[in-house]
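Peer 1: Before I ask anything, here is the structure I am working with.
Numbering (the working numbering), first residue to last: 86 to 515.
Here it is as structure tokens:
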């Protein structure tokens, strides 16, 4: 009987947190490699990046000066019975932009380019957070599946051994039913965790830009690199590097430049012109030529004309555009000031979350997980000696499993907190 109890004792389940086995070996992907992959495949990010190219083209276009024009005219009196009358003229027109319109257009385009570049950085920041969040979530679910997969064979083996003991009369049928219940409970947990793992992996593929048929192999573990700076330094770093703050600052400058451009549009441009005219006129009277011959009288004229055209309007013509640009400046300024107030709060909240998760990990690892493993060893030995029931062993084993799963959740919380902190400071931690 003592030997049978010893053979039926449950082995301590020490989870080593490896990925589910049995998959086709493929290169393991890390969070960084997935982020790089997403930046190459994600259509939304690529569309945002294309705006920089658009802004650069518009900047080149803004520097284009007004195109001069040439006018050529030819007049003849033949159609109206004056066959001897004709006129030819050629003119050149050149627009002179006043009030520095070209420079102000360039300034607006430069600010628009800065906005587009900052938007790319902001999209990269958000995408990095999204990919890492889904990566850690998928990783956590795979760890839970691996943990349950390690438990199920042990439960099945002990169940079969108990069935044999019941048939031999060495164990009560209740022990067999208890073990069967535990096996079914483990199978149910596996189904839940497997479904969550598949959903999390599919969500990760969608975020990265992969198709559902593409396969991903996560590494057996991940290492979190804690921040080396203090909360104060992290806050300063965020205020200097947050791309969304740079977007609002660039929008404020762009709106101010648009206001200056609108004011310059209220100043009229000048159009300078130069014209050459050659005229031939024939009269009905007769006259003498240089040789003394009688010929019809004719007149030939060459005239040069210079002009300067000024459109007639006042600065009120662009008052609406100036007011609209000033309103946009105020909007961007208020939003920037609001963000300056909230960034330190976001950094502190993320820092507190990460710090709390780190403390939780330490407590679970040293004060809960290790102690729970020791407790199971003691209860196993007591069961072997006949001092405790099988129910006590199963109960303690469940506690250990729950503790190990809680430890995985704490790891995920720490990883999520670190991702939140990276997003709050504006990118990778310094």
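Even glycine gets a Cβ: it sits at the ideal position worked out from N, Cα and C.
Just so you know, these numbers come straight off a predicted model, no measurement behind them.
1. Measure from the alpha carbon of residue 221 to the alpha carbon of each residue in 515, 504, 155, then state which is nearest.
2. Can you check whether the CB of residue 324 is closer than 8 Å to the CB of residue 420?
3. Would you kindly check if the distance between the Cβ of residue 124 and the Cβ of residue 209 is under 8 Å?
4. For the beta strand (DSSP E) holding residue 175, just list the boundary residues, first then last.
5. Going by C-alpha to C-alpha distance, which of 404, 481, 312 sits closest to residue 509?
6. Cα separation between residue 201 and residue 487?
7. For residue 516, count neighbouring C-beta atoms within 10 Å of its own C-beta (all shown protein chains included) and say buried if the count is 16 or more, exposed if not.
8. Check whether the Cβ atoms of residue 348 and residue 414 sit closer than 8 Å, and answer yes or no.
9. Would you call the CB atoms of residue 507 and residue 224 closer than 8 Å?
10. Could you tell me the alpha carbon to alpha carbon distance between residue 243 and residue 264, rounded to whole angstroms?
11. Output the distance between the C-alpha atoms of residue 320 and residue 462, rounded to the nearest integer angstrom.
12. Could you tell me whether the stretch 190-197 touches the stretch 161-177, using the rule of 3 or more Cβ pairs below 8 Å?
13. When you compare each of 216, 176, 143 to residue 187 by their alpha carbons, which one comes out closest?
14. Taking the Cβ atom as the reference point for each residue, do residue 362 and residue 174 lie within a distance shorter than 8 Å?
15. Is it right to say residue 88 is buried, meaning 16 or more other beta carbons lie within 10 angstroms of its own, or is it exposed?
16. I'd like to know whether the C-beta atoms of residue 330 and residue 428 end up nearer to each other than 8 Å.
17. In angstroms with no decimal places, state the Cα-to-Cα distance between residue 493 and residue 485.
18. Going by other Cβ atoms of all chains shown within 10 Å of its Cβ, with 16 needed for buried, is residue 390 buried or exposed?
19. If you run the structure through DSSP and keep just helix, strand and coil, what is residue 376?
20. Counting only C-beta atoms, is residue 130 closer than 8 Å to chain B at any point?
21. Per the contact definition of three or more C-beta pairs closer than 8 Å, is the stretch 336-351 in contact with the stretch 393-413?
22. Beta-carbon separation of residue 184 and residue 352 under 8 Å?
23. For residue 394, list the residues DSSP reports as bridge partners.
24. When you compare only the Cα positions, how much space is there between residue 280 and residue 149?
25. Would you kindly report the start and end of the unbroken alpha helix (DSSP H) that includes residue 149?
Peer 2: Result, derived from the coordinates:
1. 504
2. no
3. yes
4. 171-181
5. 312
6. 49 Å
7. Any property of residue 516 remains undetermined from this structure, which presents the chain solely from 86 to 515.
8. no
9. no
10. 8 Å
11. 47 Å
12. no
13. 143
14. yes
15. Since pLDDT at residue 88 reaches only 37, below the 50 mark, its modelled position is unreliable, and no value is offered.
16. yes
17. 12 Å
18. exposed
19. coil
20. Absent here is chain B; the protein component of the structure consists of one chain.
21. yes
22. yes
23. 356
24. 59 Å
25. Here residue 149 belongs to no alpha helix (DSSP H), and DSSP marks it neither H nor E.
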